[in-house]
Every structure is written in structure tokens, then in C-alpha cells.
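Peer 1: For the sequence shown, the working numbering gives the first residue as 59, with consecutive numbering after it.
Every residue gets a Cβ at the ideal spot worked out from N, C-alpha and C, and that includes glycine.
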Amino acid sequence: MQLDPQELSVRELYGWMVQLITPRPIAWVSTQSNNGISNLAPYSFFNGVGANPPLVMFCPANNRMGQAKDTLQNVKQNGQFVVNMVTEAMAEQMNQTAAEYGPDTDEFLAAGVTKGVSAKVQVPRVENCKAAMECRVHQILELGQGPGGANLVIGQIVWLHVAADLFDKEDQFLAEELDTIGRLGGNSYSRTSNRFALERPPRPSGSE
Numbered sequence: 059m060q061l062d063p064q065e066l067s068v069r070e071l072y073g074w075m076v077q078l079i080t081p082r083p084i085a086w087v088s089t090q091s092n093n094g095i096s097n098l099a100p101y102s103f104f105n106g107v108g109a110n111p112p113l114v115m116f117c118p119a120n121n122r123m124g125q126a127k128d129t130l131q132n133v134k135q136n137g138q139f140v141v142n143m144v145t146e147a148m149a150e151q152m153n154q155t156a157a158e159y160g161p162d163t164d165e166f167l168a169a170g171v172t173k174g175v176s177a178k179v180q181v182p183r184v185e186n187c188k189a190a191m192e193c194r195v196h197q198i199l200e201l202g203q204g205p206g207g208a209n210l211v212i213g214q215i216v217w218l219h220v221a222a223d224l225f226d227k228e229d230q231f232l233a234e235e236l237d238t239i240g241r242l243g244g245n246s247y248s249r250t251s252n253r254f255a256l257e258r259p260p261r262p263s264g265s266e
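See below:
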């Protein structure tokens with residue numbers, strides 16, 4: 059099948075993208091309004107950008123009315139957010155925060171999520187999360203207009219939280235114990251517990 063994006067609706071394009079771009083890591087993003095109301099929402103258009111400086115990105119698209127979501131409004135107001143990594147144990151609570159709550163609703167309270175105190179930003183983090191990254195906004199790009207309009211938020215990591223039980227006795231990180239989940243198309247998710255490894259190939263002779 060061959061498809062021309064110009065002939066597809068935004069809804070159809072979104073459907074194809076989330077079915078084909080898989081698995082996607084999930085950023086469970088906590089923010090806070092200037093009125094002190096906490097917000098918590100998942101975003102799977104998310105990834106790292108680079109390590110120098112340490113940057114992450116996520117994309118809060120406009121809602122069905124073409125308006126900016128609470129997350130985007132909050133990061134524009136105060137330039138702070140926390141990316142909480144989602145494990146399978148927290149999947150149900152994460153999914154609950156995907157509901158379209160109003161701006162006066164604290165999603166932490168609505169989903170029964172415990173707030174944790176952050177070290178460098180004023181935004182709360184998810185207390186029982188295995189890993190979290192406190193961020194300050196580096197750049198916000200408004201890439202689209204109307205319903206589903208794309209917005210790209212780039213944040214610089216200013217503090218990392220990593221659970222103690224993710225390390226062995228020699229303080230080596232146990233990546234397989236993190237057990238994050240990924241987003242697929244529709245209502246489906248993937249696990250990271252079934253892994254395989256590939257050795258990086260050696261540098262070809264004569265290359266610089």
C-alpha cells in the first residue's frame with residue numbers, strides 16, 4: 059500500500075503514525091500551574107535528544123478543539139517539568155491520567171498517585187517511580203495549528219532520580235530491573251522484560 063499524507067485526515071495520519079512508530083517510550087510528565095495545581099499526563103512522542111547538554115523532548119499536541127493542553131500551558135508559564143518513567147506496576151495509574159481532565163483537576167489526586175518532592179524544580183515528581191528526570195525548558199517549538207497541532211518541548215535535565223533497588227552491591231545499574239513499558243498502536247503496550255543483546259561491530263580498519 060502507498061499513502062500520500064496530503065490525502066489523509068489528521069486522525070488518519072495519527073493512526074498510521076502510532077501503529078508504525080513502535081514501540082514508543084512513555085514520558086509521564088508532571089507540571090504545575092502558576093496557581094499551584096499539579097498536572098500529570100503521559101506522552102509517547104518522547105525521546106532523548108543528546109547528552110551534551112542532556113536534553114529530552116516530548117510533544118504535547120493540541121486538543122480536539124485546537125487548544126494547548128494543560129501540560130504545554132504550564133511549561134510555558136514556569137519552564138519546568140519532570141519526566142517520570144513508567145513501569146508496568148504503574149500502568150493503570152498512568153492510563154488514568156490520560157483522561158481529559160479540566161485545568162482545575164490535580165491528576166495526582168484523581169489517579170491516586172503520591173507526590174514526591176523534586177530537588178531542583180518546583181514541580182512534584184511521582185514518588186514511587188523507579189526513575190525520573192527533573193527538567194527546565196530549553197526550547198518550545200510550535201510546529202502546527204488547530205486540532206492535533208504539533209508542539210515540541212525540549213528540556214534540559216537538571217536532576218536524576220534512580221531507585222536504589224536498580225543497582226547491585228557494586229553500584230552497577232541493573233537496566234533489566236527498570237521494567238519500563240512502551241506504547242504501541244490502539245490500546246496496546248509493550249514490555250521491556252524480553253530482551254536480546256547485540257555487540258557493536260568493530261571499527262573498520264582504516265577509518266578515523
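If you compare alpha carbons, which of 208, 178, 76 and 190 is closest to residue 121?
Peer 2: 208
Peer 1: Between residue 255 and residue 234, what straight-line distance do the alpha-carbon atoms span, to the nearest angstrom?
Peer 2: 12 Å
Peer 1: Rounded to whole angstroms, what is the Cα-Cα separation between residue 102 and residue 82?
Peer 2: 6 Å
Peer 1: What are the boundary residues of the alpha helix (DSSP H) that includes residue 89?
Peer 2: Unbroken run through residue 89 is the beta strand (DSSP E), 85-90; no alpha helix (DSSP H).
Peer 1: Quick check on the burial criterion: 16 or more other C-beta atoms within 10 angstroms. Buried or exposed for residue 62?
Peer 2: exposed
Peer 1: From 97, 138 and 127, pick the residue whose C-alpha is nearest to that of residue 114; which is it?
Peer 2: Considering only alpha carbons, the answer is 138.
Peer 1: Tell me the DSSP secondary structure of residue 115 in three-state form.
Peer 2: strand
Peer 1: Indicate whether the contact test is met: 3 or more Cβ pairs, each with one atom in the stretch 79-97 and one in the stretch 141-151, closer than 8 Å.
Peer 2: Segments in contact, yes.
Peer 1: To which residues of the same chain is residue 112 closer than 7 Å at the C-beta, ignoring the five residues directly before and after it?
Peer 2: 214 and 215
Peer 1: Return the Cβ separation of residue 188 and residue 236 in integer angstroms, given the expectation that the two are a contact with Cβ distance under 8 Å.
Peer 2: 6 Å
Peer 1: Straight-line CA distance for residue 331 to residue 160?
Peer 2: The first residue shown for the chain is 59 and the last is 266, placing residue 331 beyond what the model contains.
Peer 1: Looking only at its own chain, which residues have a Cβ that is under 7 Å from the Cβ of residue 30, when we skip the five neighbours before and after it?
Peer 2: For residue 30 there is no data in the structure shown, the boundaries of the chain being 59 and 266.
Peer 1: According to DSSP, residue 218 sits in a beta bridge with which residue or residues?
Peer 2: Beta-bridge partners assigned by DSSP to residue 218: 191.
Peer 1: Is there contact here, the stretch 216-229 with the stretch 122-134, by at least three beta-carbon pairs under 8 Å?
Peer 2: Contact between the stretch 216-229 and the stretch 122-134 is absent, with fewer than three C-beta pairs closer than 8 Å.
Peer 1: Determine the contact status of residue 247 and residue 149, defining contact as a CB-CB distance below 9 Å.
Peer 2: yes
Peer 1: So is residue 118 buried or exposed if we call it buried at 16+ other beta carbons inside 10 Å?
Peer 2: Under this definition residue 118 is a buried residue.
Peer 1: Between 232, 203 and 136, which has its C-alpha nearest residue 92's C-alpha?
Peer 2: Taking only the C-alpha atoms, the option nearest residue 92 is 136.
Peer 1: Could you please give me the residues that DSSP links to residue 160 through a beta bridge?
Peer 2: DSSP lists no partner for residue 160.
Peer 1: Is it buried or exposed, residue 260, if we count other Cβ atoms within 10 angstroms and call 16 or more buried?
Peer 2: exposed
Peer 1: Whole-angstrom Cβ separation of residue 183 and residue 174, contact assumed at under 8 Å?
Peer 2: 5 Å
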